[in-house]
Each structure stands twice: as structure tokens, then as C-alpha cells.
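When we follow our numbering, the leftmost residue of the sequence shown carries the number 1, and every step to the right adds one. Built from N, CA and C at the ideal position, the CB exists for glycine as well. Working notes, structure below.
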Amino acid sequence: MSLKVDVQGVAELRTALEQLTGKPLDRALRKATLTAARALRAPLQAAAPRDTGKLRKSIRARKARRGIGALVGPTVWYRHFVSLGTRRHRISAKDGALKVGSGFAQSVEHPGSKPNPYLSRVADAHEREVLNMFGDAVDDLIQ
């Protein structure tokens, strides 16, 4: 689960800015979205749960593979379980037994976990800031 910094209407904006400045701007617009995504990294790390700290440390910002956009969020394999929660489920041993407390068992019932929507909370709280950063970068391109 990652947040995608994606500005609507960027294709039209790019065309208008290229006509205004007379130079291609894809690289500059990608840099602007990546800068905005990087600004979300610290608030996401502060809001992320910290049981072991691995989820918090794994939060990265990177440019999108296609188009003009960027992604920011955790990279650990269990990130979606934290954000979306889990239902009650059985965990069975593949080979041998599971260590449970001071004993062992073939299987255990996991009670599930509640969702922690810290990604959307941070995105909502910092939406205006990210848009302003992108707008400032576009202003710099024009001048």
C-alpha cells in the first residue's frame, strides 16, 4: 500500500507550460511530484505503528514507473495487513510445530487485527501542503 501523488490535468498543464516556455517539461514535472511525495515521508513515518519499527523504516518515496507521478509508502511485505487489518484466521504449522508461549501447537487461532488507516489520515492532513509544493514547483518552471 502506497500513496500515489497524481495531479489531475497534468497532461494539459504540461502542454500549456511547454507552449509558454518553449521547452519540454516532463522531467521537471516528475521532479515536482517526487518532491511532494518526499514531503509526505516524515509525516507517514511519524504516524506509522511502531511495534518493531520495520514498517516505519521501510517508508520510501519513488517516482512512478509510468507517467508523471510518484509513490510514497512502506515497502515491507505485511504493509497491507497493517493498513487494511485482518480477519480471524487459523495459522497451521507446515513442518513440525509452532512455538506458542512456553509450549508448542500444530495450529493456533489468530484473532485478527483492526485496520490502521494511517496512510489515508496523513494524505488527508497534508493534501493542501502537497498541492502547494507542486504549485510552487510549477511557478518556478514558468519563471
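Identity of the residues DSSP links to residue i by a beta bridge
{"i": "Glu109", "result": "Arg90"}
{"i": "Leu98", "result": "Ala105"}
Enclosing beta strand (DSSP E) for residue i [first to last residue]
{"i": "Leu44", "result": "That residue, Leu44, is in no beta strand (DSSP E); its alpha helix (DSSP H) goes 26–47."}
{"i": "Lys114", "result": "No beta strand (DSSP E) contains Lys114, which DSSP labels as neither H nor E."}
Under the three-state DSSP convention, the category residue i falls into
{"i": "Gly103", "result": "strand"}
{"i": "Gly67", "result": "coil"}
{"i": "Gly135", "result": "helix"}
{"i": "Asp140", "result": "helix"}
{"i": "Asp51", "result": "coil"}
{"i": "Gln8", "result": "coil"}
Anticipated Cβ contact below 8 Å, residue i with residue j, distance rounded
{"i": "Val76", "j": "Leu55", "result": "5 Å"}
{"i": "Ser113", "j": "Phe134", "result": "No, Ser113 and Phe134 are not in contact; Cβ-Cβ is about 35 Å, not under 8 Å."}
{"i": "Ala125", "j": "Ser107", "result": "Not really, about 41 Å apart at Cβ, beyond 8 Å."}
{"i": "Arg14", "j": "Leu29", "result": "6 Å"}
{"i": "Glu109", "j": "Arg90", "result": "6 Å"}
{"i": "Leu131", "j": "Leu25", "result": "The pair is not a contact, with the Cβ atoms about 18 Å apart (cut-off 8 Å)."}
{"i": "Pro115", "j": "Gly85", "result": "3 Å"}
Range covered by the alpha helix (DSSP H) that runs through residue i
{"i": "Arg79", "result": "79–84"}
Any chance the segment 28–40 sits against the segment 58–66, with 3 or more Cβ pairs inside 8 Å?
-> With the cut-off at 8 Å, the segment 28–40 and the segment 58–66 touch.
Say whether the segment 96–105 touches the segment 67–74, bearing in mind that this needs 3 or more beta-carbon pairs closer than 8 Å, one atom from each stretch.
-> As far as the Cβ criterion goes, the segment 96–105 does not touch the segment 67–74, which means the pair count is below three.
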